[in-house]
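One structure is given below, encoded as structure tokens.
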Amino acid sequence: GAVVSQHPSRVICKSGTSVKIECRSLDFQATTMFWYRQFPKQSLMLMATSNEGSKATYEQGVEKDKFLINHASLTLSTLTVTSAHPEDSSFYICSARGTKLADYEQYFGPGTRLTVT
Amino acid sequence: DAKTTQPPSMDCAEGRAANLPCNHSTISGNEYVYWYRQIHSQGPQYIIHGLKNNETNEMASLIITEDRKSSTLILPHATLRDTAVYYCIVSPGTASKLTFGTGTRLQVTL
């Protein structure tokens, strides 16, 4: 299957700082990328959907000014958590769909664990 | 999107078949049934999906009832590496976003 990577895998930052998480499709062009958040012992919650070259569509309750998503190329999407606070500590996971993949195929990255102190 | 109901946890002995049920009684005619799994602290992994017919691939089999209100994921010979949370998801069309429920935590034991 296709490969999606995330960087960094773990990050610790201080409260009030911003953190950028990268999501890359390594062997296909990702026309659509999704960002999820997962708190301990909970399920994945979709945060936003981004299409290459377009503004992201955020799910209800997700602050778009706090979670900035950029999908400027067909292989890279970034999520920036601005002015992070301890309650933003979570496991962030991206996934991607691509033009040369079957419609049902959606590949997930390994996740990024964010800890805000 | 249609909601799904799965048992919170199941145990299975290694080498035996693991049968994971899912109820989706409000599924619409154009909604597919997807199964993903998530091994601890990793991203979800696609297993299989189907619309009406039963499906089989190298990982698992998917049995969908005739009325499509429920389905069963079958791992024919479970191994310890199959220990994970298994998510049953219904989604309209094949290119739509996936909404994850609470899933079933499968523990495979020796």
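The listed protein sequences correspond, in order, to chains A and B.
Counting in this note's numbering, the first sequence runs from 132 upward without gaps.
Counting in this note's numbering, the second sequence runs from 1411 upward without gaps.
Note that CB positions come from ideal geometry on N, CA and C, so glycine has one too.
> Can you list the residues of chain A that Q1452 (chain B) reaches, using a CB-CB cut of under 8 Å?
Replying inline: P241, G242
>> Can you confirm whether I152 (chain A), when its beta carbon is compared against all beta carbons of chain B, has any partner nearer than 8 Å?
In response: no
> In the DSSP assignment, what are the bridge partners of R1478 (chain B)?
Replying inline: Bridge partners of R1478 (chain B): none, in fact.
>> Contact defined as beta carbons within less than 8 Å: I believe I1499 (chain B) pairs with T1414 (chain B). What is the distance between those atoms, to the nearest angstrom?
In response: Their Cβ separation, rounded to whole angstroms, is 7 Å, which keeps I1499 (chain B) and T1414 (chain B) in contact under 8 Å.
> Could you give the uninterrupted runs of the alpha helix (DSSP H) lying entirely in the stretch 160 to 223 of chain A, keeping only those of 4 residues or more?
Replying inline: none
> If you run the structure through DSSP and keep just helix, strand and coil, what is D158 (chain A)?
Replying inline: Look at D158 (chain A) here: in three-state DSSP terms it is coil, with no helix or strand label.
>> Let me see if you follow: with CB-CB separation under 8 Å, is L177 (chain A) close to chain B or not?
In response: yes
> DSSP on L1520 (chain B), reduced to helix/strand/coil?
Replying inline: coil
>> Tell me which residues of the stretch 1430 to 1444 of chain B have at least one Cβ-Cβ distance to chain A shorter than 8 Å, keeping chain order.
In response: Taking 8 Å as the Cβ-Cβ cut-off against chain A, the residues of the stretch 1430 to 1444 of chain B that qualify are Y1442, Y1444.
>> Looking at chain B, is there any beta carbon in it that lies within less than 8 Å of the beta carbon of T237 (chain A)?
In response: Just to set this straight, residue 237 (chain A) is Gln in the shown sequence, not Thr. So, interface residue.
>> Just to confirm before moving on: does the CB-CB distance between T1482 (chain B) and N1429 (chain B) stay below 8 Å?
In response: yes
>> Just to confirm my understanding: we take K231 (chain A), look at its own chain, exclude 5 residues before and 5 after, and list those with CB closer than 8 Å. What are they?
In response: F159, Q160
> Which residues of chain B have a Cβ atom closer than 8 Å to the Cβ of I224 (chain A), listed in chain order?
Replying inline: G1453, P1454
> Quick one: what does DSSP say L1490 (chain B) is sitting in, helix, strand or coil?
Replying inline: Residue state, collapsed to three classes: helix.
>> Using a Cβ-Cβ cutoff of 9 Å, what residues of the stretch 203 to 218 of chain A are near chain B? List them in chain order.
In response: none
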